[in-house]
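This report refers to the structure that appears directly beneath it.
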Amino acid sequence: LRKCLEAGFTSTIRKPFSREGLINAVSREFGTKSSPPESNPIIIKADPEFAELIPPFLESCRRETASMLKSLDAGDHKAIAAICHKLTGAGASFGFQTLSDEARLIEAAAKKSDSAGARTHIQAIALYLERVSVVYP
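Quick look at the structure:
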């Protein structure tokens with residue numbers, strides 16, 4: 004990832020990626036307009052064993068997203084990187100790969116003090132959290 008960003012890439016998408024993840028990545032890069040969040044939910048099929056843990060986790064992610072924006076406005080890139088480091092692992096553990104991927108990109112941008120890049124991906128996480136809907140099969 005570091006080599007890609009150093010080579011001038013503005014974002015990456017990791018394998019395996021979902022159709023939704025690919026669409027989100029392309030939309031971010033080319034500014035395509037999408038449906039309003041409420042009309043285009045992202046459905047995540049989660050392990051029923053995590054049913055009690057996921058709602059508080061998602062609420063925590065929303066708070067962390069707001070914290071990242073405040074830290075970004077304050078120029079505190081270290082705080083952003085620390086938050087994203089936690090989100091990367093936790094997101095993947097619960098099955099939220101897009102969240103994990105975006106957090107990884109924010110962390111990389113924050114470590115380079117790339118405020119614009121970090122803001123783009125923080126906004127992507129905020130949109131993702133608005134649209135995500137969890138089902139327990």
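Numbering (this note's numbering), first residue to last: 4 to 140. Note that the Cβ used here is the ideal one computed from N, Cα and C, for glycine as well.
**Asked** Taking the continuous beta strand (DSSP E) assigned at Lys48, which residues delimit it?
**Response** Indexing the sequence shown from 1 puts residue 48 at position 45. Ile45 to Lys48 is the span of the beta strand (DSSP E), which, as asked, contains Lys48.
**Ile47: CB within 6 Å of a non-hydrogen atom of the ligand ADP** = Absence of the ligand ADP from the depicted structure is noted, as is the absence of any ligand whatsoever, leaving it without description.
**Request:** Would you list the one or two residues that DSSP bridges to Ser63?
**Result:** Residue 63 sits at position 60 when you count from the first residue of the sequence shown. Answer is none; Ser63 lacks a bridge partner.
**Secondary structure of Ser116, DSSP reduced to three states** = Taking the sequence shown and counting its residues from 1, the one referred to as residue 116 is at position 113. In the structure shown, the three-state DSSP call for Ser116 is coil.
**Asked** Is it a yes or a no for the segment 109 to 128 touching the segment 49 to 61, going by three-plus beta-carbon pairs under 8 Å?
**Response** The way I'd put it, the segment 109 to 128 doesn't touch the segment 49 to 61; fewer than three beta-carbon pairs between them come closer than 8 Å.
**Request:** Look at the Cβ atom of Ala112, then the Cβ atom of Ser103, and state whether they are nearer than 7 Å.
**Result:** Residue numbering aside, residue 112 sits at position 109 when the sequence shown is read from its first letter. Residue numbering aside, residue 103 sits at position 100 when the sequence shown is read from its first letter. Contact flag unset, no.
**Request:** May I have the straight-line CA-CA distance separating Pro40 from Ile125, to the nearest angstrom?
**Result:** Position 37 of the sequence shown, counted from the first residue, corresponds to residue 40. Position 122 of the sequence shown, counted from the first residue, corresponds to residue 125. Low confidence applies here, because Pro40 scores a pLDDT of 48, under 50, leaving its location unreliable and the question unanswered by this model.
**Prompt:** What separation, rounded to the nearest whole angstrom, lies between the Cα atoms of Ile83 and Ala77?
**Reply:** Taking the sequence shown and counting its residues from 1, one reaches residue 83 at position 80. Taking the sequence shown and counting its residues from 1, one reaches residue 77 at position 74. Distance between the alpha carbons of Ile83 and Ala77 is about 11 Å.
**Message:** Starting from Ile53, trace the alpha helix (DSSP H) in both directions and tell me its first and last residue.
**Reply:** On the sequence shown, residue 53 is found 50 positions in, with the first residue counted as 1. Rather than Ile, the amino acid found at residue 53 in this sequence is Phe. No alpha helix (DSSP H) holds Phe53; DSSP gives it neither H nor E.
**Asked** Looking at the unbroken alpha helix (DSSP H) that takes in Gly78, where does it start and where does it end?
**Response** As a first step, residue 78 must be located in the sequence shown, where it is residue number 75. Unbroken run through Gly78: none, as it is neither H nor E.
**Message:** Using the three-state DSSP reduction, which class does Lys89 fall into: helix, strand or coil?
**Reply:** Within the sequence shown, residue 89 is the residue found at index 86, counting from 1. Of the three classes helix, strand and coil, the one that applies to Lys89 here is helix, per DSSP.
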